[in-house]
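Participant: Residue 220 in UniProt numbering is what sits at position 220 of the sequence shown, and the numbering runs on without skipping anything. Every residue gets a Cβ at the ideal spot worked out from N, C-alpha and C, and that includes glycine.
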Amino acid sequence: MLKLYTTQYINAQKPKQTLFQRFNIWLINTGKQRVLLGFWVFLQILCFIFAFLNYRLNPVWQSTRDLLGVSFYIARGCAMTIHVNTAIILFPVCRTLISWVRTTFLNRVIPFDQNIAFHKVVGFSLIIFSLGHTFAHYRNFYILSKQDIPGQPGWFGWAFLSGPGFTGHVMLLVLIIMGLTSLGWIRRPHFNLFWYTHHLMFIFFGLFSVHGAFCLLKPDRPPYCSKDAAFWKYWIAGGVIYLCERLARELRNITGKQSEILRVVLHPGHVVEVVIRKHTRLEAKAGQYIFINCPAVSLHEWHPFTLTSSPHDDYLSVHISMAGTWTKDFAAVLGCPMKDQNKIIESAESVVESEQTKVMEPYRIPLPRVMVDGPFGSASEDVFDYEVTMMFGSGIGVTPFASVMKTIHHRFLSKNTESKLRKVYFFWLQRSTHSFEWFRDLLDEIEQDFGPEYEDNPPIEIHKFFTGKLTEDKVQNLYLNTNIDDTDALDVLTELRAKTHIGRPNLDKLFFAVRQEHPSTDVGVFFCGNPALGTNLEAACHRWSTEGKDGTRFYFNKETF
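1) Thinking Phe204 and Leu183 are a contact (beta carbons under 8 Å), I'd like their distance in whole angstroms, please.
2) Are the CB atoms of Ala498 and Thr407 nearer to each other than 8 Å?
3) Can you tell me where the alpha helix (DSSP H) with Gly179 in it begins and where it stops?
4) Excluding the 5 residues flanking Thr167 on each side, which residues of the same chain have their C-beta closer than 7 Å to its C-beta?
5) I need the straight-line Cα distance from Ser259 to Ile177, nearest angstrom please.
6) Evaluate contact between the stretch 127–143 and the stretch 180–194, counting only Cβ atoms and requiring at least three cross-stretch pairs below 8 Å.
7) My assumption, with CB atoms under 8 Å, is that Gly524 sits in contact with Tyr386. Please give the rounded CB distance.
8) For Ser99, I'd like the list of residues in its chain whose CB is within less than 6 Å of its CB, leaving aside the five on either flank, ordered along the chain.
9) I need the straight-line Cα distance from Gly395 to Val101, nearest angstrom please.
10) Kindly identify the DSSP beta-bridge partner or partners of Leu307.
11) Alpha carbons only, please: which of Ile462, Ser419, Lys420 is nearest the one belonging to Arg440?
12) Thinking C-alpha only, which one of Tyr55, Cys336, Pro304, Ala402 is nearest Ala79?
13) If we count the other Cβ atoms within 10 Å of its Cβ and call it buried at 16 or more, is Thr399 buried or exposed?
14) Can you give me the C-alpha to C-alpha distance between Glu355 and Ala539, rounded to a whole angstrom?
15) If you draw a straight line from the C-alpha of Phe231 to the C-alpha of Arg246, how long is it?
16) Given 8 Å as the limit, is there contact between the stretch 39–53 and the stretch 62–79, that is, 3 or more CB pairs closer than that?
17) Between Trp158 and the rest of its own chain, which residues show a CB-CB distance below 7 Å, the 5 nearest in sequence each way excluded?
18) Quick one: give me the first and last residue of the beta strand (DSSP E) that Gln114 is part of.
19) Measure from the alpha carbon of His303 to the alpha carbon of each residue in Asn115, Cys541, Asp329, Ile45, then state which is nearest.
20) Does Arg515 pass the burial test, meaning 16 or more other C-beta atoms within 10 Å, or should it be called exposed?
21) Taking just the CA atoms, how far does Phe105 sit from Gln62?
22) Got a sec, what are the start and stop residues for the beta strand (DSSP E) Lys464 sits in?
23) According to DSSP, simplified to helix, strand and coil, what is Leu37?
24) Looking at Ile276: is its Cβ nearer than 8 Å to the Cβ of Val372?
25) Output the distance between the C-alpha atoms of Arg411 and His199, rounded to the nearest integer angstrom.
26) For Gln288, does the three-state DSSP call read helix, strand or coil?
27) Among the residues of its own chain, which have a CB less than 6 Å from the CB of Lys558, if the five just before and after it don't count?
28) Exposed or buried, what is Tyr196 when buried is set at 16 or more other beta-carbons lying within 10 Å of its beta-carbon?
29) Pick out whichever of Thr389, Val84, Ile110 has its Cα sitting closest to the Cα of Val35.
30) Please report how far the alpha carbon of Arg249 lies from the alpha carbon of Phe291, in whole angstroms.
31) To the nearest angstrom, how far is it from the Cα of Lys420 to the Cα of Phe384?
32) How should His312 be labelled, buried or exposed, when 16 other C-beta atoms within 10 angstroms of its C-beta is the threshold for buried?
33) Checking the sheet assignment: what are the DSSP bridge partners for Gln430?
34) Would you kindly work out how many angstroms separate the C-alpha atoms of Val60 and Cys244, rounded to a whole number?
35) Does the Cβ of Ser435 have 16 or more other Cβ atoms within 10 Å, making it buried, or fewer, making it exposed?
36) Under the assumption that His319 contacts Trp438 (Cβ atoms under 8 Å), give the Cβ distance between them as a whole number of angstroms.
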């Protein structure tokens, strides 16, 4: 067991690292993402400069240069970067493609688990360069409106009534709406709004395809309308792959059978556990996620949820936090409104036995059917690639590790040697003591199976941290019921053997302890939850990794959706 609070660990000194070691450690953790981001920024700048110089020096644009000046070069430079971003933006959201390619050797070089983050980067790049393109053309339109051209529409006509002006402003408006609704503080509580406004992309790609066909700016010699004006060719590759994925999903839903919900459990903290009958064709790995559609709520909305069941279970289960509009509507359809705190509902057609049904009497109602798409790969799949794994889950971010813990538990008991994993440290942070009940049965089973016979070195160690505020009643209960001398007593807050620590974990102590326990080892650090904790974990991986024959290196992996 990790000894976290002795003087040795409190006085732990961070390892000294050379410049080369720091760079290497940075590279094996989040360095790949930042190298990719740096390469993307460099590519944006390169494309802008290339187009800027091309239109600045190419003699076929001499008349336009003399008329419009620098705003002409800026508009064309921004246009080139818009083309590149449009060509790339759909690939990161082709989930089937990403799930497949992350299983190849390319995943060692390219961080495919950060596909959504990269999609956001490309999207906001589109907005920035579209604004630059638009404002550069405002000056161009002003100059054109001052020319003695018969029937010319004036500045407002050029900017808003002409073909390029109208299509350009509609596309810009669509991009801004999509960008604003994708911001976390809007997307999380209003996911429906985000979902539907993101489908404005079809308007964007349609107008983008014809935007250059109006030949607003013509060269000095024919052909006056270049073939480069056919903008559809920039997005067609990603568009076809994405469209095929969407059509395949809809085809599976039309031809396939809707899945039956077997049981619903409403846990404290407004978290709903949904147990779904598993189709024979669906083979999921630990840590993967699925998309769920409930026709009783919406025919067209699909929402991603991490599987909390393991591959050897004959059912699928997800734990859903009622935080957004769709999740609240889904919970209400399942018979679990927000005002309820604890409830178990079983399908009127079938029964699934569980420990919870023995404690609380369930009642039966007809439950809606759902459609399931997936599974899709995630970072948590890689836990079995390391000898030692540290898993940190905070809030509802603990869900990916439930599936992983079940699988690890099953493999250890069955003496399965498929992976090289031999030690797991599980750290669970919650702001409410009632939230520890979400997976209490699982943790209790693990503690029972890896009990005293493993002495002080069980293959799975559980460490719980309560980070919320303790009420006066809870403080009094802890004082009256905690017996420091009784090391075998159950934890007062969770009734598990693993004690609950009050407050946030001291990451330096944790990482130092793991490094001391496992010298010369690659340790996988997996995280899902509060972004602030993820930032601190990433920094701790940098601080405590050491190179050399006896060095311990920490590899940071983060779940993103």
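Facilitator: Reading off the structure:
1) Along the sequence shown, read from residue 1 onward, the residue named residue 204 stands at position 204. Along the sequence shown, read from residue 1 onward, the residue named residue 183 stands at position 183. Not confirmed; about 18 Å, so no contact.
2) Residue numbering aside, residue 498 sits at position 498 when the sequence shown is read from its first letter. Residue numbering aside, residue 407 sits at position 407 when the sequence shown is read from its first letter. The answer is no: Cβ separation not under 8 Å.
3) Along the sequence shown, one-based indexing puts residue 179 at 179. Note, Gly179: alpha helix (DSSP H), 163–181.
4) Your numbering for residue 167 matches position 167 in the sequence shown. Excluding residues within five positions, the ones whose Cβ falls inside 7 Å are Leu207, Val210, His211.
5) For the purposes of this step, residue 259 is taken as the residue at position 259 of the sequence shown. For the purposes of this step, residue 177 is taken as the residue at position 177 of the sequence shown. For Ser259 and Ile177, the distance between alpha carbons rounds to 35 Å.
6) No, the stretch 127–143 is not in contact with the stretch 180–194.
7) Here residue 524 refers to the residue found at position 524 of the sequence shown. Here residue 386 refers to the residue found at position 386 of the sequence shown. Confirmed, about 4 Å.
8) For the purposes of this step, residue 99 is identified with residue 99 of the sequence shown, where counting begins at 1. Once the five neighbours on either side are set aside, the close Cβ partners of Ser99 are Phe376, Gly377.
9) The residue you call residue 395 lines up with position 395 of the sequence shown. The residue you call residue 101 lines up with position 101 of the sequence shown. If you take the alpha carbons of Gly395 and Val101, they lie about 30 Å apart.
10) Translated into the one-based positions of the sequence shown, residue 307 becomes position 307. For Leu307, which the question treats as bridged, DSSP gives the partners Val318.
11) The count along the sequence shown starts at 1 and reaches residue 440 at position 440. That would be Ile462, whose Cα lies nearest to the Cα of Arg440.
12) Walking along the sequence shown from the start, residue 79 turns up at place 79. Ranking the options by Cα distance to Ala79, first place goes to Tyr55.
13) Along the sequence shown, one-based indexing puts residue 399 at 399. Burial call: buried.
14) The residue given as residue 355 occupies position 355 in the sequence shown. The residue given as residue 539 occupies position 539 in the sequence shown. Because Glu355 carries a pLDDT of 39, less than 50, the predicted location of this residue cannot be relied on, and no value is offered for it.
15) Along the sequence shown, one-based indexing puts residue 231 at 231. Along the sequence shown, one-based indexing puts residue 246 at 246. Cα to Cα, Phe231 sits roughly 23 Å from Arg246.
16) yes
17) Counting from 1 along the sequence shown, the entry for residue 158 is found at position 158. Only Phe141, Leu144, Ser145, Gly165 meet the Cβ criterion.
18) Within the sequence shown, residue 114 is the residue found at index 114, counting from 1. It is not in any beta strand (DSSP E) - Gln114 carries neither H nor E in the DSSP assignment.
19) As a working note, residue 303 is residue 303 in the sequence shown. His303 has its Cα closest to that of Asp329, out of Asn115, Cys541, Asp329, Ile45.
20) Start at 1 with the first residue of the sequence shown, and residue 515 comes out as number 515. Buried, by the Cβ-count rule.
21) Residue 62 sits at position 62 when you count from the first residue of the sequence shown. Residue 105 sits at position 105 when you count from the first residue of the sequence shown. Each residue's alpha carbon lies about 49 Å from the other.
22) Translated into positions along the sequence shown, residue 464 becomes position 464. Per DSSP, the continuous beta strand (DSSP E) segment holding Lys464 begins and ends at 460–466.
23) The sequence position of residue 37 within the sequence shown is 37, counting from 1. Three-state DSSP puts Leu37 in a helix.
24) Here residue 276 refers to the residue found at position 276 of the sequence shown. Here residue 372 refers to the residue found at position 372 of the sequence shown. Yes. Within cutoff.
25) Within the sequence shown, the letter at position 411 stands for residue 411. Within the sequence shown, the letter at position 199 stands for residue 199. Cα to Cα, Arg411 sits roughly 43 Å from His199.
26) Taking the first residue of the sequence shown as 1, we reach residue 288 at position 288. The answer is coil: DSSP assigns Gln288 none of H, G, I, E or B.
27) Mapped onto the sequence shown, residue 558 falls at position 558. Here the set comprises Phe527, Gly534.
28) By one-based count along the sequence shown, residue 196 stands at place 196. Answer is exposed; the Cβ neighbour count stays below 16.
29) The residue given as residue 35 occupies position 35 in the sequence shown. The candidate whose alpha carbon is nearest that of Val35 is Ile110.
30) As a working mapping, residue 249 is identified with position 249 in the sequence shown. As a working mapping, residue 291 is identified with position 291 in the sequence shown. Computed Cα separation, rounded: 10 Å.
31) Position 420 of the sequence shown, counting from 1, holds the residue named residue 420. Position 384 of the sequence shown, counting from 1, holds the residue named residue 384. Their backbone Cα atoms lie some 7 Å apart in a straight line.
32) Counting from 1 along the sequence shown, the entry for residue 312 is found at position 312. Its Cβ having fewer than 16 others within 10 Å, His312 is exposed.
33) By one-based count along the sequence shown, residue 430 stands at place 430. The partner list for Gln430 (beta bridge, DSSP) reads Phe466.
34) Position 60 of the sequence shown, counted from the first residue, corresponds to residue 60. Position 244 of the sequence shown, counted from the first residue, corresponds to residue 244. Between Val60 and Cys244, the C-alpha separation is close to 41 Å.
35) In the sequence shown, residue 435 corresponds to position 435, counting from 1. Classification of Ser435: buried, given that the 10 Å Cβ count is 16 or more.
36) Taking the sequence shown and counting its residues from 1, one reaches residue 319 at position 319. Taking the sequence shown and counting its residues from 1, one reaches residue 438 at position 438. The Cβ separation is near 6 Å, so the contact holds.
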